[in-house]
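In the numbering used here, the protein residues as written are 376 to 769. Just so you know, even glycine gets a beta-carbon here, dropped at the ideal spot from N, CA and C. All of these numbers come straight from a predicted model, not from anything done at the bench.
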């Protein structure tokens with residue numbers, strides 16, 4: 376699929392007829408640069424004044440000036456995460472066996488962002504992670520006695536990276552496992568030997584291979600081509616070609632393209648607009664049109680905008696207020712939205728989004744690897760620059 380071009384642009388590439396028809400139907404005007412829609416009259420003085428006022432109000436929405444560190448119940452969140460990992464009789468613990476390593480990654484990274492990773496027993500955690508290793512496959516399972524999967528292989532590597540124990544990673548075996556998951560016919564990545572494909576798995580393979588220092592174990596050019604095939608007319612991405620645009624999938628595709636130095640494949644204007652439209656009146660973000668806001672999308676949307684250099688396209692102060700309002704003041708933790716039950720998943724993604732916005736008292740997180748930037752620096756992988764841009768990707 377070629378890049379967008381209007382009729383009359385000379386030798387520039389044009390869209391295929393079907394895609395052009397879809398975009399024109401979406402916009403309600405033809406893609407003809409001579410059409411009056413694309414040639415509006417000059418602004419009147421009143422319109423110029425209104426535009427300047429809008430710019431001033433937009434600039435006031437960027438950054439979290441005036442937000443005190445005390446607005447975040449840090450000690451309560453640390454206690455909540457720690458208790459969640461210790462209460463093995465809780466129904467939530469029992470029912471999450473199938474995603475145990477990812478749950479551990481969310482909780483541990485939350486603690487690290489709050490500067491409290493030392494409240495857990497590192498050796499005990501590392502021992503459990505290594506019990507999830509499946510040597511005959513070369514990947515990690517979500518829990519002991521489960522099958523190895525690319526999702527939990529990434530979670531295991533992320534956990535070991537947090538504790539600076541990458542010496543325990545069998546990089547060659549994992550590289551072989553990742554290579555075995557890439558399909559020959561289209562470059563898509565399977566989650567495990569059973570063959571399911573998803574843009575999440577492509578991102579996990581790209582992130583894992585980079586973190587272990589084996590980026591060439593998979594064919595990145597073919598993954599880029601497959602991710603590009605998952606792009607929709609609105610600029611968003613689905614789980615596979617033809618899948619509905621979804622903010623979670625957008626992160627996996629934008630992050631994956633960033634890891635391949637291929638952000639030029641993103642339709643920055645359309646996708647930036649689509650992501651900005653995810654912010655609702657309550658200040659929170661949803662994952663698809665007409666859905667309720669959810670704290671987890673604070674990360675999926677904001678990290679994508681960060682990689683694209685467009686975090687200023689949303690009202691950051693309103694988003695921060697929404698996340699803070701979803702805190703449980705009594706037992707700690709952050710819920711999907713105000714007055715719901717908190718969980719480790721939403722606690723992590725809420726803290727991660729606040730970190731991206733520079734909330735005081737939270738360590739800086741990398742928008743691509745979803746790890747504290749000091750960990751990315753230690754590993755020598757691409758990371759977020761001090762000015763918020765993503766080195767090597769923008």
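Residue 521 places its beta carbon 8 Å or farther from that of residue 567. Secondary structure note for residue 628: its alpha helix (DSSP H) is the uninterrupted segment 622 to 634. Within the same chain, and ignoring the five residues on either side of residue 619 in sequence, the residues whose Cβ sits closer than 6 Å to its Cβ are 613. Residue 546 holds the alpha-carbon nearest to the alpha-carbon of residue 510 among 393, 478, 546. Per the coordinates, the alpha-carbon of residue 428 lies some 45 Å from the alpha-carbon of residue 585.
For residue 715, the secondary structure class from DSSP, reduced to helix, strand or coil, is coil.
Around the C-beta of residue 473, fewer than 16 other C-beta atoms lie within 10 Å, and the residue is accordingly described as exposed. Between the region 480 to 493 and the region 446 to 464 there are three or more C-beta pairs closer than 8 Å, enough to call the two in contact.
DSSP places residue 478 in the helix class (H, G or I) of the three-state scheme. In this structure, DSSP gives residue 569 a state outside helix and strand, which the three-state scheme calls coil.
For the pair residue 681 and residue 498, the Cα-to-Cα distance works out to about 34 Å. In the structure shown, residue 400 falls within a helical segment according to DSSP collapsed to helix, strand and coil.
As computed with DSSP, residue 509 is found in a beta bridge with 514.
Counting every other CB atom within 10 Å of its CB across the protein chains shown gives residue 412 a total below 16, marking it as exposed. Judged by DSSP in its simplified three-state form, residue 692 adopts helix. Rounded to the nearest angstrom, the Cβ distance from residue 712 to residue 670 is 7 Å, consistent with a contact under 8 Å.
The beta carbon of residue 504 lies closer than 6 Å to those of 531, 534 in the same chain, with the five residues before and after it left out.
In the structure shown, residue 501 adopts helical secondary structure according to DSSP, grouped into three states. Assigned with DSSP and collapsed to three states, residue 640 falls in helix.
Bounds of the alpha helix (DSSP H) holding residue 534 are 525 to 537. Residue burial annotation: residue 463 is exposed, with fewer than 16 other C-beta atoms found within 10 angstroms of its C-beta. Here residue 649 is buried, its C-beta having at least 16 other C-beta atoms within 10 Å.
Straight through space, the alpha carbons of residue 496 and residue 502 are spaced by roughly 10 Å. Here DSSP, grouped into helix, strand and coil, assigns residue 554 to helix. In the displayed model, residue 587 falls within coil according to three-state DSSP, outside both helix and strand. When DSSP states are grouped into helix, strand and coil, residue 650 belongs to the helix group. Within the DSSP bridge table, the entry for residue 660 names 654 as partners.
In this structure, DSSP gives residue 549 a helical state, which the three-state scheme calls helix. Of the residues assessed, residue 706 falls on the exposed side of the cut-off, its CB having fewer than 16 other CB atoms within 10 angstroms.
Within a 10 Å sphere around the beta-carbon of residue 506 sit fewer than 16 other beta-carbons, which makes this residue exposed. Ranked by how close their Cα comes to the Cα of residue 668, the residues 647, 710, 639, 588 have 710 in first place.
By alpha-carbon distance to residue 446, the top candidate from 753, 625, 702, 747 is 702.
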